[in-house]
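Below is one structure; the comments refer to it alone.
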Amino acid sequence: MRAKYVLAEVVTGLWRNVTMTIAMMITMAVSLTMLGASLLMYMQVKSLQDFFYGKVEVSIFLKLDVTDDQRAALKSDLERDPLVQQPVIYESRETAMKRFKEQFKDAPDLVNATKPDSLPESYRVKLKDPNQFNEVASRYNGKEGISEIIDQRKLLGKIFGIFNSVQNVALIVAIVQGLAALLLVANMIQIAAFSKRREVAVMKLVGASNWFIQAPFVLEAVFAGLVGAILAFAALWLSKHLFLDGSLKALQNVFPPIPESNVLLMLPVLAGIGAAINAITGWITLRFYVRV
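Numbering of the sequence shown is given in the UniProt record's numbering, commencing with residue 1 and proceeding in unit increments.
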C-alpha cells in the first residue's frame, strides 16, 4: 500500500510540473551525453596509447653523403647496443619513397612534388625501454653519418595531446550542463514540496516518517536522471552507428573504431551516475532547504 502511494505521488508530481520535468530531463541528457563522450574518448585514447607506444620506434636519419663504412659501423653499434631491441631495420631512400607514396596516395600533388632525394635513408629501431630515448640519443648524436634522431613518442604525444584537450572540453561542458541540471532538480523539488505543503503538514501530524514524506520527491529526481541517461545513451549509440561507423568510417583507416562493448557500458554507468546524483541532490534539497 505504501509503495503504491509513493509511486502514485511520483507520477502526480512529474505530471504536475511536466514542463520543468521535460527541461530537466533534456538538460540531464545533454550533460550525460557529454560525460559519456568524454569517458569513451578517455578509454579510446588509453587504448591507442597502449597500442602505439608498444610499437613506438626511434628513427635515426642518415646524412645524404653517408658512406658505406659509416652506415655499416652504425648498424654494428646498434646491433650490439643492450638498450636496442633487435632486429634493427634499415630503410633505404627507395623504400622510404615507396612507403611515402603508400601513406599519401590520396594526395597525388604532394607525392609528385616530393623527390626521392628529400627522403633520407634511416635506421628504425625499437628500444627495450622507450623511456631511455635520451640516453640512446646522447650515445649516437654526433656520430659520423647521422643527420637526426627522432623519438616518435614526441610526435604521438602531440596527437594524444589534441585528443586530451577535446576530452577536457567535453568534460567541462558536461560539468556545466550537470550543474544546470542539478539546479533544475533542486528547483523542481522545492516547487513540488511547496505545492504540497499542506499535505506534508497533515502527514507529519499523523506520524508519517521523514523518509515516507521525502521518498516521492527523491524518486521524481531519480526518474528524471534515468530518463536523461537513456536519452544520452541513445545519442551516443546513434552517433557511433550513424557517424563514426557511417559517414566518418574513413577515419577507421587511421584510428580504430570504438568497440560496441564500450558504448553499451555507458548505459549502466550513465544511469547510475544520473540516478545517484539526482537522488543526492533531492535529499540535500529536502534536508536543508525544504523543511518537511
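Note that beta-carbon positions come from the ideal geometry of N, C-alpha and C, so glycine has one too.
Spatial neighbours of residue i in its chain, beta-carbon cut-off 7 Å, leaving aside the 5 residues before and after
| i | result |
| --- | --- |
| Ala221 | Val185, Ile189, Asn278, Ala279, Thr281 and Gly282 |
| Met181 | Residue identity differs from the one stated: residue 181 is Ala in this sequence, not Met. If we look at Ala181 and ignore the five residues flanking it on each side, its Cβ neighbours are Met24, Thr27, Met28 and Ser31. |
| Arg139 | none |
| Ala137 | Ile149 |
| Glu91 | Glu121, Ser122 and Arg124 |
| Leu78 | Val84, Val88, Tyr123 and Val125 |
Where the alpha helix (DSSP H) through residue i begins and ends
| i | result |
| --- | --- |
| Phe133 | Phe133 to Tyr140 |
| Ser239 | Here Ser239 belongs to no alpha helix (DSSP H), and DSSP marks it neither H nor E. |
Beta-carbon proximity list for residue i, same chain, < 8 Å, skipping 5 on both sides
| i | result |
| --- | --- |
| Leu39 | Met266 and Val269 |
| Phe133 | Val58, Leu127, Asp151 and Arg153 |
| Ile191 | Asn17 and Met20 |
| Leu74 | Ile60, Leu62, Tyr123, Tyr140, Lys143, Gly145 and Ile146 |
| Leu135 | The residue you asked about is not Leu; residue 135 is Glu in the sequence shown. So the list reads Leu83, once near-sequence residues are dropped. |
Beta-carbon proximity of residue i to residue j, cut-off 8 Å
| i | j | result |
| --- | --- | --- |
| Leu62 | Pro120 | yes |
| Val173 | Tyr123 | no |
| Lys126 | Gln85 | yes |
| residue 368 | Asp151 | Nothing in the structure corresponds to residue 368, since the chain is present only between 1 and 292. |
| Ala170 | Ala275 | no |
| Val30 | Gln177 | yes |
| Leu244 | Pro259 | no |
| Gly145 | Thr95 | no |
| Asn262 | Met43 | yes |
| Phe233 | Met41 | no |
N-terminal and C-terminal residue of the beta strand (DSSP E) that residue i is part of
| i | result |
| --- | --- |
| Ser147 | Ile146 to Asp151 |
| Leu62 | Val58 to Leu62 |
| Ser122 | Ser122 to Leu127 |
Buried or exposed (CB count within 10 angstroms, at least 16 for buried), residue i
| i | result |
| --- | --- |
| Lys105 | exposed |
| Ala113 | exposed |
| residue 331 | The requested residue 331 does not occur in the structure, where the chain is confined to residues 1 to 292. |
| Met1 | Confidence is the limiting factor: at Met1 the pLDDT is only 45, short of 50, which leaves the residue's position unreliable and the question unanswerable from this model. |
| Ala229 | buried |
| Gly272 | exposed |
| Gly142 | exposed |
| Gly225 | buried |
| Ser76 | exposed |
| Leu242 | exposed |
| Leu264 | exposed |
| Ser165 | exposed |
| Leu64 | exposed |
| Leu238 | exposed |
| Leu231 | buried |
| Leu183 | exposed |
| Leu179 | exposed |
Close Cβ partners of residue i (< 6 Å) along its chain, the five nearest in sequence each way excluded
| i | result |
| --- | --- |
| Glu148 | Phe61 |
| Ala235 | Thr33 |
| Ile284 | none |
| Gln70 | Glu144 and Gly145 |
CB contact check: residue i to chain B, cutoff 8 Å
| i | result |
| --- | --- |
| Ile172 | Absence of chain B from the displayed structure is noted, only one protein chain being present. |
Which ranges does the alpha helix (DSSP H) cover as unbroken runs of at least 4 residues, wholly within the region 74-106, from first to last along the chain?
Entirely contained in the region 74-106, the alpha helix (DSSP H) runs reaching 4 residues are, in chain order, 93-103.
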